[in-house]
Every structure is written in C-alpha cells, then in structure tokens.
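**Student:** This is the structure I want to talk about, given as structure tokens.
Residue numbers (the numbering used here), protein chains in the order written: chain L, 325 to 397; chain X, 325 to 397.
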C-alpha cells in the first residue's frame with residue numbers, strides 16, 4: 325500500500341500522471357508536523373488511493389480543471 | 325452534521341472563509357453521478373469537516389497557497 329499511518333507522510337512514492345476520468349476526489353494536505361511535504365492523494369472511482377507528485381504539471385492542471393468545473397448556479 | 329451520505333452531494337451548505345492555520349487537509353471532488361457540483365471539504369486539525377464554497381476567492385487562494393508550499397527537493 326502507498327498510504328501509511330496518518331502520523332507521518334502518507335505518500336511513500338508518487339506518480340506524475342493519472343487519468344482525470346478515474347478520479348473520484350483529491351485530498352491535498354499541506355506540510356505540517358507529521359510531514360514536511362505537500363501531499364496530493366487521488367481517491368479513484370474503484371476505491372484505490374494513489375499518491376501524486378504535487379510538483380508535476382499534469383497534477384497541477386488536474387486540480388485547476390476540477391476547480392474550474394464549478395457550476396455557476 | 326454538514327456531511328451526508330457519499331451517494332449524494334456531501335455539502336448541504338458551504339462557507340466562504342476559513343483560517344488557513346486550522347486546515348489539516350482539503351478534499352476536492354469534481355462533479356459526478358452522485359453530485360453535479362464540485363465539492364471542497366476542509367478537514368480541520370481538530371477533526372471537524374467543513375464544506376467550503378469552491379467559487380469563493382478565498383477558497384481558491386487557499387488551494388493555490390497549499391499547492392505553492394510544495395518544497396523543492
């Protein structure tokens with residue numbers, strides 16, 4: 325598993341790319357006492373959790389895309 | 325509670341502002357079959373979950389801030 329205890333960094337390794345269609349939600353954790361790195365974890369539609377590299381441009385673009393799909397009501 | 329079943333929208337109401345220092349992590353969910361709205365849920369350091377308005381400029385700025393605190397290694 326790539327997700328370890330909540331009391332230390334959860335991402336032991338990260339990947340640079342992911343298919344947007346597979347993502348159910350993204351969890352973004354800023355650095356804190358438990359972990360000095362920003363962590364981005366994608367929860368996939370099949371329930372899997374995948375760590376993403378927050379510095380990867382594709383990852384940054386996916387987050388922008390999610391924020392831009394906000395519906396105007 | 326503001327968080328309902330995972331099978332429908334989780335945010336019944338959202339707030340426009342939050343103290344960055346209180347945030348442990350953010351969960352961002354794009355629209356899908358269960359919910360037609362983008363949802364942003366902040367998990368606070370005290371364990372509380374708070375729904376944020378993804379259209380609020382402060383919320384967008386907090387997400388940018390988290391992504392920019394990425395440490396260069």
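Even glycine gets a Cβ: it sits at the ideal position worked out from N, Cα and C. Treat the numbers as computed from the prediction; the structure is a model and nothing was measured.
Any Cβ of chain L within less than 8 Å of the Cβ of residue 338 of chain X?
**Tutor:** Taking the first residue of the second chain as position 1, residue 338 of chain X is located at position 14. Output row for residue 338 of chain X: interface = no.
**Student:** Restricting to Cα atoms, I'd like to know which of L:343, L:361, L:352, L:351 is closest to residue 332 of chain L.
**Tutor:** For the purposes of this step, residue 332 of chain L is taken as the residue at position 8 of the first chain. Residue 332 of chain L has its Cα closest to that of L:361, out of L:343, L:361, L:352, L:351.
**Student:** I want to know whether the region 342-351 of chain X touches the region 385-394 of chain L - three or more CB-CB distances under 8 Å.
**Tutor:** No, because fewer than three Cβ pairs between the region 342-351 of chain X and the region 385-394 of chain L fall closer than 8 Å, the two stretches do not touch.
**Student:** Mind reading off the beta-carbon distance from residue 334 of chain X to residue 367 of chain X? Whole number of angstroms is fine, and I expect it under 8 Å.
**Tutor:** Translated into positions along the second chain, residue 334 of chain X becomes position 10. Translated into positions along the second chain, residue 367 of chain X becomes position 43. The pair is not a contact, with the Cβ atoms about 12 Å apart (cut-off 8 Å).
**Student:** Along the beta strand (DSSP E) that carries residue 306 of chain X, what are the first and last residues, could you check?
**Tutor:** In the structure as shown, chain X starts at 325 and stops at 397, and residue 306 of chain X therefore has no counterpart that could be examined.
**Student:** Can you check which of these residues, X:369, X:338, X:340, is closest to residue 355 of chain L by C-alpha distance?
**Tutor:** On the first chain, residue 355 of chain L is found 31 positions in, with the first residue counted as 1. When only C-alpha atoms are compared, the closest one is X:369.
**Student:** Leaving out five residues before and five after residue 340 of chain L in sequence, what residues of the same chain have Cβ atoms less than 6 Å from its Cβ?
**Tutor:** Taking the first chain and counting its residues from 1, one reaches residue 340 of chain L at position 16. Hits under 6 Å: 377, 380.
**Student:** Just the C-alpha distance for residue 336 of chain X and residue 373 of chain L, rounded to the nearest angstrom, thanks.
**Tutor:** Here residue 336 of chain X corresponds to residue number 12 of the second chain, with the count starting at 1. Here residue 373 of chain L corresponds to residue number 49 of the first chain, with the count starting at 1. Taking the straight line from one Cα to the other gives about 26 Å.
**Student:** To which residues does DSSP link residue 356 of chain X through a beta bridge?
**Tutor:** The residue given as residue 356 of chain X occupies position 32 in the second chain. Note: residue 356 of chain X sits in a beta bridge opposite X:359.
**Student:** Which value, in whole angstroms, describes the spacing of the CA atoms of residue 344 of chain X and residue 375 of chain X?
**Tutor:** Position 20 of the second chain, counted from the start, is the residue given in the question as residue 344 of chain X. Position 51 of the second chain, counted from the start, is the residue given in the question as residue 375 of chain X. About 14 Å.
**Student:** Nearest to residue 392 of chain X by alpha carbon, out of L:363, L:371, L:391?
**Tutor:** Numbered from 1 along the second chain, position 68 holds the residue referred to as residue 392 of chain X. It is L:363.
**Student:** Which value, in whole angstroms, describes the spacing of the CA atoms of residue 353 of chain X and residue 338 of chain L?
**Tutor:** Stepping through the second chain from its first residue, residue 353 of chain X is reached at position 29. Stepping through the first chain from its first residue, residue 338 of chain L is reached at position 14. Near 20 Å, if we compare the C-alpha coordinates of residue 338 of chain L and residue 353 of chain X.
**Student:** Helix, strand or coil, according to DSSP, for residue 348 of chain L in the structure here?
**Tutor:** Counted from its first residue, the first chain places residue 348 of chain L at position 24. Residue 348 of chain L falls in the strand class under three-state DSSP.
**Student:** Give every residue of the same chain whose Cβ lies closer than 7 Å to the Cβ of residue 328 of chain X, excluding the five residues on either side of it in the sequence, and list them in chain order.
**Tutor:** Here residue 328 of chain X is taken as the residue at index 4 of the second chain, counted from 1. Confidence at residue 328 of chain X is low in this model, with a pLDDT of 42, below 50, so its placement is unreliable and the value that follows should be read with caution. Closer than 7 Å at the Cβ level, and outside the excluded window around residue 328 of chain X, lie 334, 336.
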